[in-house]
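Shown next, in structure tokens, is the structure this report addresses.
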Amino acid sequence: MWTRQHKQRNTGRLIIPSLCVVFLAYFGFHAYHGEFGINSKYQLEAQTVALQAQLDAVKARRMELERRVRLMHDGTLEKDMLDEQARRALNLSQADEITIMLPASSK
Numbered sequence: 001m002w003t004r005q006h007k008q009r010n011t012g013r014l015i016i017p018s019l020c021v022v023f024l025a026y027f028g029f030h031a032y033h034g035e036f037g038i039n040s041k042y043q044l045e046a047q048t049v050a051l052q053a054q055l056d057a058v059k060a061r062r063m064e065l066e067r068r069v070r071l072m073h074d075g076t077l078e079k080d081m082l083d084e085q086a087r088r089a090l091n092l093s094q095a096d097e098i099t100i101m102l103p104a105s106s107k
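Numbering-wise, UniProt numbering puts 50 at position 50 of the sequence shown, and it's gapless, one number per residue.
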């Protein structure tokens, strides 16, 4: 009678732990780099800060424009504002006046 003797291999013991490591590595990578991962959260927060700063600048510009428009309404019309706008539109000044030209972006 023949008997076979097999040596126990250690490879069978490593299959399940290696599959678990691959599984955890895959989901760990996507938890950090995925569309809804940790890295994306920081990018969205940085984008939110930048957009909030832009919104504040636009709001400040709008408030300034609204203030200037309010000065030109009937009943609150200031002669200096009207004079300034007329001179700017007509590109005129008197001989005894000093004209300081400002860049268009600082209006």
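C-beta atoms are modelled at their ideal positions from N, C-alpha and C, and glycine is treated no differently.
In the DSSP assignment, Gly-12 falls within the unbroken alpha helix (DSSP H) covering 11-33. The beta-carbon distance between Leu-71 and Met-81, rounded to whole angstroms, is 5 Å. This is short enough to meet the 8 Å contact definition.
Pairing Leu-92 with Thr-48, the inter-Cα distance amounts to about 46 Å. Within its own chain, no residue has a Cβ closer than 7 Å to the Cβ of Leu-90 once the five positions on either side in sequence are excluded.
DSSP places Asp-56 within a helical segment (H, G or I) once states are collapsed to three. In the displayed model, Met-72 falls within coil according to three-state DSSP, outside both helix and strand.
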